[in-house]
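Notes follow the structure.
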Amino acid sequence: MKVLIDADACPVVDLALSISSEFEIETILFCDTSHRVERDNVITIIVPKGPDSVDFTLVNALSKHDIVITQDYGLAAMVLARGGYPIDQNGREMSDENIERLLDMRHVGQKIRRAGGRTKGPKKKTQENNISFEMKFRQICERAILAHKLEESTGEK
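In numbering that gives the first Met the number 0, the protein residues as written are 0 to 156.
Take a look at the structure:
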């Protein structure tokens with residue numbers, strides 16, 4: 000079980016590393032050559048710059064019960080399909096119950112921008128977002144560890 004971080008423009012890398020080390024969960028950072036994000040004692044996988052190159056590399060490294068920190072709903076959908084736990088930098092967990100709506104919202108925004116329209120950008124990050132992320136990330140770590148241990152004890156895969 001691992002924590003995989005889509006580290007390109009991820010504002011909670013250090014917080015996530017601190018929490019994952021408390022739970023003794025291996026963490027891997029993924030970024031492209033234009034966003035080199037490296038930390039001591041953490042594996043960083045750097046991929047060539049390209050559309051979705053980080054996403055596909057991360058998904059190929061993903062195992063069931065891994066936790067993925069990303070703000071990319073397309074990547075989150077792939078993580079869910081492979082039995083992982085996606086969460087964004089504000090503490091929103093993507094799930095089977097909300098991913099379709101999030102993907103639809105992303106699609107509508109893309110259509111508006113392609114037609115020359117403008118959409119609002121993300122809101123400024125607040126301390127409340129960090130608190131929310133920390134609380135939800137801890138919950139997901141606990142849930143993923145339990146699910147992983149249960150699967151190991153029953154021999155399921």
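Glycine included, C-beta positions come from ideal geometry on N, C-alpha and C.
Between F29 and V2, the gap from beta carbon to beta carbon reaches 8 Å or more.
When only Cα atoms are considered, N128 and I27 end up about 22 Å apart. A60 and R117 have their C-alpha atoms some 35 Å from each other.
For F29, the three-state secondary structure derived from DSSP is strand.
Looking at the backbone, the Cα of Y84 and that of E96 are separated by about 13 Å. Here H64 has M0, A143, A146, H147 as same chain residues with Cβ atoms under 6 Å from its own Cβ, once five neighbours each way along the sequence are excluded. With a threshold of 16 other beta carbon atoms within 10 Å, S33 falls short and is exposed. Secondary structure of E92 (DSSP, three-state): strand.
Counting the other CB atoms within 10 Å of its CB gives G90 a total of 16 or more, which places it among the buried residues.
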